[in-house]
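Participant: Before anything else, here's the structure in question.
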Amino acid sequence: MTRWKRPEPHEYLELFSAVGSAWGWSGRLIMAEKELKVLIHAGTTELFRLRCQGETAGFVELNRGIPGQAEIAYFGLLPGFIGRGLGKYFLDWSVRRAWVGKTERIWLHTCAFDHPDALAVYLKAGFSRCGERVETQAYPEECLRKRQACGG
């Protein structure tokens with residue numbers, strides 16, 4: 000695990016896209032560059048890259064903007080590292096890191112477009128459902144086409 004301090008927005012977006020494109024991640028892609036830079040350089044944001052045999056395998060973004068809370072805002076592996084047993088280890092490490100400090104609550108969110116096993120993995124890791132809601136979010140057209148072609 001390596002701390003990723005103050006990446007440039009284009010570097011962050013490159014990894015964000017590589018990890019999240021299959022799942023339709025768009026939240027950071029639709030932000031203005033200046034807004035993204037403020038967010039990822041904020042003292043309340045922690046970025047870590049998972050490294051495996053010298054290669055970046057994934058990343059986690061922890062946001063501590065609410066006192067006493069840590070949000071796992073983004074968490075994922077690059078496609079070539081999925082199914083190799085790294086996800087459980089990485090999630091465990093991320094949760095332990097989120098508890099550092101005066102954290103009283105850790106939370107995350109997932110959606111129907113995430114990896115099919117995401118919710119089960121989070122529940123097995125000790126998270127519990129706090130609610131469900133339907134919301135509109137911008138998804139890249141390519142992602143929507145792929146999901147539709149697969150019957151999703």
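Using numbering that gives the first Met the number 0, the first residue of the sequence shown is number 0, and each one after it goes up by one. Don't be surprised by glycine CBs; every beta carbon is placed ideally from N, CA and C.
Who are the Cβ neighbours of R48 in its own chain at under 6 Å, not counting the five residues just before and after it?
Facilitator: T1, W3, T55, F58
Participant: Leaving out the 5 sequence neighbours to the left and right, which residues in its chain are closer than 7 Å to D113 when beta-carbon positions are compared?
Facilitator: Within the same chain, W22 come within 7 Å of D113 by CB-CB distance, once the 5 residues on both sides are set aside.
Participant: Would you check if the stretch 86-101 and the stretch 58-72 touch, i.e. whether three or more CB-CB distances between them fall below 8 Å?
Facilitator: By the Cβ test, the stretch 58-72 is in contact with the stretch 86-101, since at least three Cβ pairs between them sit closer than 8 Å.
Participant: Kindly indicate the opening and closing residues of the alpha helix (DSSP H) around W92.
Facilitator: 85-97
Participant: Are the CB atoms of W106 and I71 within a distance shorter than 9 Å?
Facilitator: It is a contact, given that the beta carbons lie within the stated cut-off.
Participant: By the DSSP assignment, the beta strand (DSSP E) with F15 in it spans what residues?
Facilitator: Counting along the chain, F15 falls outside any beta strand (DSSP E), though it belongs to the alpha helix (DSSP H) covering 8-19.
Participant: Could you pull out every residue in the same chain whose Cβ sits closer than 6 Å to the Cβ of T109, ignoring the five residues on either side in sequence?
Facilitator: A117, L118
Participant: Within the continuous beta strand (DSSP E) that includes A56, where are the two ends?
Facilitator: 54-62
Participant: Taking only three categories from DSSP, how would you classify A117?
Facilitator: helix
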